[in-house]
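Number of protein chains: 2
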Amino acid sequence: MQKKHVRKLANKKYRKETGLFLVQGEKNVSELLASDFVIECIFCTQEFLPTTMPHSVSCTLVTAAELCSIGTLESNDSALAVARQAPPLSMADIVSKGRNLLVLDSVRDPGNLGTLVRTADWFGIDTIIASPTTVDFYNPKVIAATMGSFLRVKVSYLELVDACRGLQKNKYSLIGATAAGGTPLGNTSCNSPYALILGSESHGLSQDIVIILDQAVTIPRVGAAESLNVSVAGGILLHALIGNNNTAPI
Amino acid sequence: MQKKHVRKLANKKYRKETGLFLVQGEKNVSELLASDFVIECIFCTQEFLPTTMPHSVSCTLVTAAELCSIGTLESNDSALAVARQAPPLSMADIVSKGRNLLVLDSVRDPGNLGTLVRTADWFGIDTIIASPTTVDFYNPKVIAATMGSFLRVKVSYLELVDACRGLQKNKYSLIGATAAGGTPLGNTSCNSPYALILGSESHGLSQDIVIILDQAVTIPRVGAAESLNVSVAGGILLHALIGNNNTAPI
Chain A
1 MQKKHVRKLA
11 NKKYRKETGL
21 FLVQGEKNVS
31 ELLASDFVIE
41 CIFCTQEFLP
51 TTMPHSVSCT
61 LVTAAELCSI
71 GTLESNDSAL
81 AVARQAPPLS
91 MADIVSKGRN
101 LLVLDSVRDP
111 GNLGTLVRTA
121 DWFGIDTIIA
131 SPTTVDFYNP
141 KVIAATMGSF
151 LRVKVSYLEL
161 VDACRGLQKN
171 KYSLIGATAA
181 GGTPLGNTSC
191 NSPYALILGS
201 ESHGLSQDIV
211 IILDQAVTIP
221 RVGAAESLNV
231 SVAGGILLHA
241 LIGNNNTAPI
Chain B
251 MQKKHVRKLA
261 NKKYRKETGL
271 FLVQGEKNVS
281 ELLASDFVIE
291 CIFCTQEFLP
301 TTMPHSVSCT
311 LVTAAELCSI
321 GTLESNDSAL
331 AVARQAPPLS
341 MADIVSKGRN
351 LLVLDSVRDP
361 GNLGTLVRTA
371 DWFGIDTIIA
381 SPTTVDFYNP
391 KVIAATMGSF
401 LRVKVSYLEL
411 VDACRGLQKN
421 KYSLIGATAA
431 GGTPLGNTSC
441 NSPYALILGS
451 ESHGLSQDIV
461 IILDQAVTIP
471 RVGAAESLNV
481 SVAGGILLHA
491 LIGNNNTAPI
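Those protein sequence lines, which keep their order, are chains A and B. Residue numbering for the first sequence is 1 to 250, as defined by the working numbering. Residue numbering for the second sequence is 251 to 500, as defined by the working numbering.
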């Protein structure tokens, strides 16, 4: 791929047309090289050039300044790769695994989605279902914020009410996070498999999701903030759920 | 203050010289107006103009486009205020209150500091001690990420080793978060008052802090991510600590 086309991958439409995405920075590119993702090409500095660079990968040496002009990061003195997007998981793929899930209802901020992917990876959740209104997983800011976890966690964009009803048919518990009014975390119990559902930064969960929940959970508040950041709330809830054996209090 | 000087408040040196800082966006400015912070001036759109605007505040009507050019936000259709920084708390002020604390060792990212301030506020922590290497609390990106909590949480910049020793002399337990090797969260106990210490995004806690900890705590990992985002880790730990009575497991 020519340099002038790489930066166009910051654009969602171009990513969709090409099926490609940008991976930037030392940690993300190093982890990409060790993964089974298909790499189209790499631009890197002499300092980054790994001795283990696969022979099949087209690699162009550039300066740090060139890396910044080709890509989207303000500073990047190591590498940038163009990789092929993984095929999305279908609903059938997801439920056949029977594993616990994270579900996102209109999470708009790329940093929040990336951080949630990283947190899911820490807690052993490898699949996220996202509403079509959630920011694109392959947005460069999302990929950067995952700190390499984009390689291990799959995000599928599905109509959320249909997907949630499909999960319930397959014996999933739907647990929704609400800033107020839910059962206080610590006084609830939960069966596996579960789907933890988080809402948007501005409006929380959609009403059509709230009415089909098996359980609404609220993180107890001691102070005065109106709400928690969605990725912080997700971390607190996943930690509580992971530490939980079937039907034990969370 | 003239419009052309307002944007200079994005600069730390200018904030220090003037003792002022920028507050932007509807939620933050509305909460500022209801607080006892001293407001130097406000620029706002006709739509924002509150009926309760204090008579003593100099208010200039502007368009949304002007708000963006005066301030630092990419989009702002409501208001921008210039406010006076609160006097910092001394170590004596802090220990005299005897309340639980959050301590930050070189947290560099403004979004992370702002989110930690918001999370502290949710969990009733009103004081943060930060190393001089931590990003400035009055950075506009920090203030934005606090979602109004900058009004209730005070951040004091102190030499961290001295401050931590001072806390220990005043019967504080120093609890440090480490990505690996600490006592697993859930198998530890904690006395109040405590100071929860979080390290930098890249390097975790400094070695000279690690050696004086009363307790190192690690959030158990189930999956493959190398670490958690510092504000997510802070949320999980504060939630565990707040739910904890003296000497109960956390």
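From the three backbone atoms N, C-alpha and C, an ideal C-beta is built for every residue, glycine too. These numbers come from a predicted model, not from an experiment.
For the stretch 117 to 132 of chain A, which residues have a beta carbon sitting closer than 8 Å to at least one beta carbon of chain B?
-> R118, T119, A120, D121, W122, F123, G124, I125 and D126
Start and end residues, alpha helix (DSSP H) containing B:V460 = Q457 to V460 is the extent of the alpha helix (DSSP H) around B:V460.
Give the DSSP-derived three-state secondary structure of B:C440 in the structure shown.
-> In the structure shown, B:C440 adopts coil according to DSSP, grouped into three states.
Every unbroken alpha helix (DSSP H) within the stretch 373 to 436 of chain B, with a cutoff of 4 residues, ordered by chain | 390 to 396 and 410 to 419
Candidates A:G166, A:V23 and A:S75: closest to A:S90 by CA position = A:G166
How should B:V332 be labelled, buried or exposed, when 16 other C-beta atoms within 10 angstroms of its C-beta is the threshold for buried?
-> buried
Inter-residue Cα distance where the pair is B:H489 and A:L104 = 22 Å
Which partner residues of B:G454 appear in the DSSP bridge assignment?
-> B:S450
When the Cβ atoms of the stretch 151 to 168 of chain A are set against those of the stretch 224 to 239 of chain A, are three or more pairs found closer than 8 Å?
-> no
Status (buried if at least 16 other CB within 10 Å, exposed otherwise) for B:A284 | exposed
Are B:A260 and B:N389 touching if we call contact CB-CB under 9 Å?
-> yes
Any idea if B:V273 is buried or exposed, counting beta-carbon neighbours within 10 angstroms, 16 or more meaning buried?
-> buried
Assigned secondary structure, B:L351 (DSSP; H/G/I helix, E/B strand, else coil) = DSSP places B:L351 in strand when its eight states are reduced to three.
Going by the CB atoms, is the gap between A:S149 and A:A79 shorter than 9 Å?
-> no
Residue range of the beta strand (DSSP E) that includes B:E476 = That residue, B:E476, is in no beta strand (DSSP E); it is neither H nor E in DSSP.
Given that B:S406 touches chain A, what residues does it touch there, using C-beta distances under 8 Å?
-> Per Cβ cutoff of 8 Å: no residues; B:S406 is ~18 Å from chain A at best.
Does DSSP put A:I42 in a helix, in a strand, or in coil?
-> Here DSSP, grouped into helix, strand and coil, assigns A:I42 to strand.
Between A:Q46, A:T60 and A:K141, which lies nearest to A:Q2 when the distance is taken from Cα to Cα?
-> A:T60
Tell me which same chain residues have a C-beta within less than 7 Å of the C-beta of B:T383, skipping the five on either side of it?
-> S356
C-alpha distance - B:N496 paired with A:S58, whole-angstrom precision = Low per-residue confidence applies at B:N496: pLDDT is 39, beneath 50, and the placement is therefore not dependable enough to give any value.
Measure the C-alpha to C-alpha separation of A:C44 and B:L478 and round it to an integer number of angstroms.
-> Take the alpha-carbon of A:C44 and the one of B:L478: they are about 27 Å apart.
Hey, B:R368 and A:A225 are a contact pair by Cβ (cut 8 Å); roughly how many whole angstroms apart?
-> 5 Å
Bridge partners - A:V217, DSSP secondary structure assignment = A:A177 and A:T183
Can you grab the Cα-Cα spacing for the pair A:L151 / A:V62, in whole Å?
-> 25 Å
If you check the beta carbons only, do A:E159 and A:S131 fall under 9 Å apart?
-> yes
Enumerate in chain order the residues of its own chain whose CB-to-CB distance from B:L363 is below 6 Å, with the five nearest sequence positions on each side excluded.
-> Short of 6 Å from the beta carbon of B:L363, and not among the five residues preceding or following it, lie these beta carbons of its own chain, in chain order: V357, V385 and V392.
Please work out which residues of its chain come closer than 8 Å, Cβ to Cβ, to B:T468, disregarding the five sequence neighbours upstream and downstream, and give them in chain order.
-> Within its own chain, the residues whose Cβ lies closer than 8 Å to the Cβ of B:T468, once the five positions on either side in sequence are excluded, are A427, T428, A429, A430, G431, G432, T433, P434 and L435, listed in chain order.
Of all the CB atoms in chain A, is at least one closer than 9 Å to the CB of B:N479?
-> yes
Between B:G484 and chain A, is there a C-beta pair that is closer than 9 Å?
-> yes
Looking at chain B, which residues of the stretch 54 to 72 of chain A have a Cβ within less than 7 Å of any of its Cβ atoms?
-> none
Helix or strand or just coil, what does DSSP make of A:L237?
-> helix
Starting from A:T72, trace the beta strand (DSSP E) both ways and give me its first and last residue.
-> Note, A:T72: premise wrong, no beta strand (DSSP E); not H, not E.
A:T115 burial status per 10 Å Cβ neighbour count (16 or more: buried) = buried
So, is A:A65 buried or exposed, given that buried needs 16 or more other C-beta atoms within 10 angstroms?
-> exposed
Buried or exposed (CB count within 10 angstroms, at least 16 for buried), A:A248 | Caution applies to A:A248, whose pLDDT of 44 falls short of 50 and renders its modelled position unreliable; the value that the coordinates give is listed next. So A:A248 counts as exposed.
Within its chain, find whatever has a CB closer than 6 Å to the CB of B:L323; leave out the 5 residues flanking it on each side and keep chain order.
-> Q274
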